[in-house]
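One structure is given here, and the rest of the page talks about it.
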Amino acid sequence: MLRLSDVYWAAEEEDILIEPTLDLGIIIILPLVVGDSAYPLKTWLLQVIKDNGALNQDQRKFNKELAKAQIVSEHAFGLVKGRWRALLKRLNEDHWRIPNTIKACCVLHNICIIRGDEFEGDADYNSDDDDDDDNGVPSQAANGVLFIFFL
Numbered sequence: 005m006l007r008l009s010d011v012y013w014a015a016e017e018e019d020i021l022i023e024p025t026l027d028l029g030i031i032i033i034l035p036l037v038v039g040d041s042a043y044p045l046k047t048w049l050l051q052v053i054k055d056n057g058a059l060n061q062d063q064r065k066f067n068k069e070l071a072k073a074q075i076v077s078e079h080a081f082g083l084v085k086g087r088w089r090a091l092l093k094r095l096n097e098d099h100w101r102i103p104n105t106i107k108a109c110c111v112l113h114n115i116c117i118i119r120g121d122e123f124e125g126d127a128d129y130n131s132d133d134d135d136d137d138d139n140g141v142p143s144q145a146a147n148g149v150l151f152i153f154f155l
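Laid out in structure tokens, this is it:
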């Protein structure tokens, strides 16, 4: 599905994910998308290192840190679905309208974040499933995630 999206082709053509950058002196880091092992490895898309039982300590640490970033993303989507409860179930509308409904929820979510209206309700995820030991940091970080998409 990713290869069928506008995001994929925009990233491949370097029309997106070009700023902000992080200059480490010897290399400049561009923004990256975090995916799981189902996604292709791209210069703009990070995925976990497949574990065939022979990962070294650095590779295991990389996978753990990447999993934390994935949790932030999952929690952010959970917050959107929690705030806009219509997204929790099958949308009963024409299929061609569904992307616009989702985008509208994301735009409204962004407006709420920008205006400081934090969502305090139950989100659509189970915090007991977290495999992190950061005392809820991924959940807290998700509160500030803005959704960027193509219209």
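Counting in this note's numbering, the sequence shown runs from 5 upward without gaps. For each residue, glycine too, the CB sits at the ideal point set by N, CA and C. The model shown is predicted, which means the values in this text are computed figures rather than measured ones.
{"query": "Helix, strand or coil at ASP27 [DSSP, three-state]", "result": "strand"}
{"query": "Among ARG119, LEU70, ARG7, PHE123, nearest to PRO44 - alpha-carbon criterion", "result": "ARG7"}
{"query": "Check whether LEU36 and TRP48 have beta carbons under 8 Å apart", "result": "yes"}
{"query": "Under the three-state DSSP convention, the category VAL11 falls into", "result": "helix"}
{"query": "Range of the contiguous alpha helix (DSSP H) that encloses LEU83", "result": "61-87"}
{"query": "Buried or exposed by the 16-neighbour rule on C-beta atoms within 10 Å, applied to HIS113", "result": "buried"}
{"query": "Exposure of ALA4, with buried meaning 16 or more beta-carbon neighbours within 10 Å", "result": "The shown model of the chain, from 5 to 155, leaves out residue 4, and the question about it has no answer."}
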